[in-house]
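A.B. asks:
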Amino acid sequence: MANNIGITTKLNLLLVLYTAGTLLFQPLASVIQVGVIIYLSIKKEWRYVIYGTILFICALVVSDAFFEHGAGQNKEFYLIALSISVFANLFWFAATIKQLKRMLYIDEDTIDESPK
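Numbering (the working numbering), first residue to last: 1 to 116.
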């Protein structure tokens with residue numbers, strides 16, 4: 001159980017780090033998101049991998065468009081699109097952390113119920 005609490009704390013810390021990265025320094029959040037997508041693909045959580053990959057690609061496209069055309073006449077539009085993209089990724093990441101915690105508790109219950 002103590003190991004379980006330690007992992008849960010680490011997942012919560014990762015969520016806080018990702019949130020700070022999303023709001024303050026986007027490249028950090030992108031690196032964390034790619035790492036989580038790779039981890040989820042190893043765990044075969046394909047639904048979360050697909051959602052996360054789609055959101056990541058959308059974030060790249062919106063970010064590129066914002067930085068390419070940000071000084072132009074549609075700056076407000078690109079800023080709104082970038083904000084929506086950032087918060088969509090944030091909600092995906094929070095849901096992913098919640099799923100990882102569920103997987104952790106299911107694995108813990110399976111280990112506890114195995115015959116001895």
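Where a beta carbon is used, it is the ideal one built from N, C-alpha and C, also for glycine. It should be emphasised that the depicted structure is a prediction, and the values quoted were computed from it without experimental measurement.
#1: Taking the alpha carbon of A65 as the point to measure from, which residue in I50, L79 and F93 has its own alpha carbon closest?
#2: Hey, would you say L40 sits closer than 8 angstroms to V62, going by beta carbons?
#3: Taking only three categories from DSSP, how would you classify E76?
#4: For P27 and F87, I'd like the C-alpha separation in whole angstroms.
#5: Using DSSP with H/G/I as helix, E/B as strand and the rest coil, what is E45?
#6: Would the beta-carbon of Y18 fall within 8 angstroms of that of I32?
#7: Evaluate V49 with the Cβ neighbour count: other Cβ atoms within 10 Å of its Cβ, from every protein chain shown; 16 or more gives buried, anything less gives exposed.
C.D. replies: In brief:
#1: L79
#2: Inclusion of L40 and V62 in the CB contact set at 8 angstroms is not warranted, their separation being larger than that value.
#3: Under the three-state reduction of DSSP, E76 is assigned to helix.
#4: If I take the Cα positions, the gap works out to 15 angstroms.
#5: Coil.
#6: yes
#7: buried
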